[in-house]
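In order, the protein sequence lines correspond to chains A and B. Read left to right, the first sequence gives residues 1 to 110 (our numbering). Read left to right, the second sequence gives residues 111 to 224 (our numbering). Worksheet for the structure shown next.
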Amino acid sequence: GIQVEQSPPDLILQEGANSTLRCNFSDSVNNLQWFHQNPWGQLINLFYIPSGTKQNGRLSATTVATERYSLLYISSSQTTDSGVYFCAGDLNFGNEKLTFGTGTRLTIIP
Amino acid sequence: EAQVTQNPRYLITVTGKKLTVTCSQNMNHEYMSWYRQDPGLGLRQIYYSMNVEVTDKGDVPEGYKVSRKEKRNFPLILESPSPNQTSLYFCASSPSTATNEKLFFGSGTQLSVL
């Protein structure tokens with residue numbers, strides 16, 4: 001299976017700051033997704049982004065599948081952005097399981 | 111509202127006492143799966159189902175059973191729970207059978223086995 005590395009593992013920022021989270025894969029991936037786990041444990045799908053760039057409000061994501069990485073940008077951070085961000089992907093073989101990274105823990109300080 | 115519903119939210123049990131965690135989705139999704147989340151290990155897949163009556167093992171299936179008799183339901187069964195199954199469990203569903211297209215998660219079940 002693939003290996004998924006996320007960086008940084010922890011990030012502490014002041015409210016209003018911008019941040020970039022990175023996800024590296026050991027092989028070319030399919031079905032790349034970003035999730036946010038809030039402090040109450042709920043997992044929310046932020047982006048389904050196998051390639052290209054998508055934006056949703058203050059969040060945007062870019063995947064360069066050929067170079068095996070994806071980036072999540074958070075602008076003008078708010079305290080509600082705190083939590084753990086996971087990326088996940090699978091190999092291009094159909095039924096291959098989705099593999100998750102170990103996450104980036106983001107803490108936004110008021 | 112489109113959602114994946116898990117119950118219960120919290121569960122404390124004792125070793126060996128059979129339990130079932132229910133999962134239901136109202137989005138007519140083909141694909142459903144179960145994950146467990148443990149500190150330092152991230153999310154690991156237990157079982158998945160591509161469609162009714164079709165289930166397969168994930169990364170960590172030992173000690174678990176699943177069934178998919180109806181499209182909307184995918185219960186997770188622990189026949190004889192042990193303390194190493196204490197974990198946070200998530201059910202998820204996706205619209206596609208062929209690939210892991212956009213995964214939607216339930217709210218999670220925190221299980222403690224004493």
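Beta carbons are placed, not taken as given, at the ideal position from N, Cα and C, and that holds for glycine.
Which first and last residues belong to the beta strand (DSSP E) in which residue i is found?
{"i": "Met142 of chain B", "result": "Tyr141 to Asp148"}
{"i": "Met160 of chain B", "result": "Gly152 to Asn161"}
{"i": "Trp34 of chain A", "result": "Asn30 to Gln37"}
{"i": "Val4 of chain A", "result": "Val4 to Ser7"}
{"i": "Lys179 of chain B", "result": "Where Lys179 of chain B is concerned, there is no enclosing beta strand (DSSP E), given that its DSSP letter is neither H nor E."}
{"i": "Phe47 of chain A", "result": "Leu43 to Tyr48"}
{"i": "Leu59 of chain A", "result": "Leu59 to Val64"}
{"i": "Leu121 of chain B", "result": "Tyr120 to Thr123"}
{"i": "Leu11 of chain A", "result": "Asp10 to Gln14"}
{"i": "Lys97 of chain A", "result": "Counting along the chain, Lys97 of chain A falls outside any beta strand (DSSP E), and DSSP gives it neither H nor E."}
{"i": "Phe86 of chain A", "result": "Gly83 to Asp90"}
{"i": "Arg22 of chain A", "result": "Ser19 to Phe25"}
{"i": "Leu106 of chain A", "result": "Thr104 to Ile109"}
{"i": "Leu52 of chain A", "result": "A small fix is needed here, since residue 52 of chain A is Gly in this sequence, not Leu. Start and end: Gly52 to Asn56."}
{"i": "Ala202 of chain B", "result": "Ser197 to Ser204"}
Mind listing the chain B neighbours of residue i? Cutoff is C-beta to C-beta under 8 Å, in chain order.
{"i": "Gln42 of chain A", "result": "Phe215, Ser217 and Gly218"}
{"i": "Tyr85 of chain A", "result": "The contacting residues do not exist; Tyr85 of chain A stays about 12 Å from chain B at best."}
{"i": "Gly103 of chain A", "result": "Gly152"}
Ordered along the chain, which non-local residues of its own chain (more than five positions away) have a Cβ less than 6 Å from that of residue i?
{"i": "Trp144 of chain B", "result": "Ile156, Tyr157, Leu186 and Cys201"}
{"i": "Lys54 of chain A", "result": "Phe47 and Ala61"}
Leaving aside the five residues before and after residue i along the sequence, list all residues of the same chain whose C-beta is less than 7 Å from its C-beta, in chain order.
{"i": "Ile12 of chain A", "result": "Thr107 and Ile109"}
{"i": "Thr99 of chain A", "result": "Gly1, Ile2, Val4, Ala88, Gly89 and Asp90"}
{"i": "Pro39 of chain A", "result": "Ser82 and Gly83"}
{"i": "Pro8 of chain A", "result": "Thr104"}
Could you work out which residues of chain B lie near residue i, taking near to mean beta carbons separated by less than 7 Å?
{"i": "Phe100 of chain A", "result": "Gly152 and Leu153"}
Out of the options, point me to the one whose CA is closest to residue i's CA.
{"i": "Met137 of chain B", "options": "B:Met160, B:Ser159, B:Thr130 and B:Glu111", "result": "B:Glu111"}
{"i": "Ser51 of chain A", "options": "A:Arg105, A:Ser60 and A:Trp40", "result": "A:Ser60"}
{"i": "Gln6 of chain A", "options": "A:Val84, A:Asn24 and A:Tyr73", "result": "A:Asn24"}
{"i": "Gln78 of chain A", "options": "A:Asp10, A:Asn18 and A:Gln3", "result": "A:Asn18"}
{"i": "Ser134 of chain B", "options": "B:Ser192, B:Gly168, B:Thr196 and B:Lys179", "result": "B:Lys179"}
{"i": "Asn117 of chain B", "options": "B:Pro193, B:Pro171 and B:Leu198", "result": "B:Leu198"}
{"i": "Ser222 of chain B", "options": "B:Lys212, B:Pro193 and B:Leu188", "result": "B:Pro193"}
{"i": "Thr115 of chain B", "options": "A:Asn31, A:Asp10, A:Gln42 and A:Ser26", "result": "A:Gln42"}
{"i": "Val131 of chain B", "options": "B:Leu188, B:Glu163 and B:Gly168", "result": "B:Leu188"}
{"i": "Met160 of chain B", "options": "B:Arg182, B:Arg154 and B:Leu151", "result": "B:Arg182"}
{"i": "His36 of chain A", "options": "B:Glu140, B:Thr219 and B:Phe215", "result": "B:Phe215"}
{"i": "Gln220 of chain B", "options": "B:Glu140, B:Gly126 and B:Arg146", "result": "B:Arg146"}
{"i": "Asn31 of chain A", "options": "B:Lys212, B:Gly218 and B:Leu224", "result": "B:Lys212"}
{"i": "Ser177 of chain B", "options": "B:Gln195, B:Val170 and B:Thr165", "result": "B:Thr165"}
Looking only at its chain, what residues have a beta carbon closer than 8 Å to the beta carbon of residue i, apart from the 5 residues adjacent to it on each side?
{"i": "Asn56 of chain A", "result": "Leu46 and Phe47"}
Counting only Cβ pairs nearer than 9 Å, list the residues of chain A close to residue i.
{"i": "Leu121 of chain B", "result": "Those do not exist, as Leu121 of chain B stays about 14 Å from chain A at its closest Cβ, beyond 9 Å."}
State yes or no: is the beta carbon of residue i nearer than 8 Å to at least one beta carbon in chain E?
{"i": "Gly89 of chain A", "result": "Protein chains A and B are contained in the structure displayed, whereas chain E is not."}
- request: With 8 Å as the limit, tell me which residues of the region 45–76 of chain A have their beta carbon closer than that to any beta carbon of chain B; keep them in chain order.
  value: Asn45 and Tyr48
task: Please list the residues of the region 158–192 of chain B that have a C-beta atom closer than 9 Å to any C-beta atom in chain A, keeping them in chain order.
output: Tyr158, Met160, Asp166, Gly168 and Asp169
query: Taking Cβ-Cβ distances below 7 Å as the criterion, which residues of the region 193–204 of chain B are in contact with chain A?
result: Leu198 and Phe200
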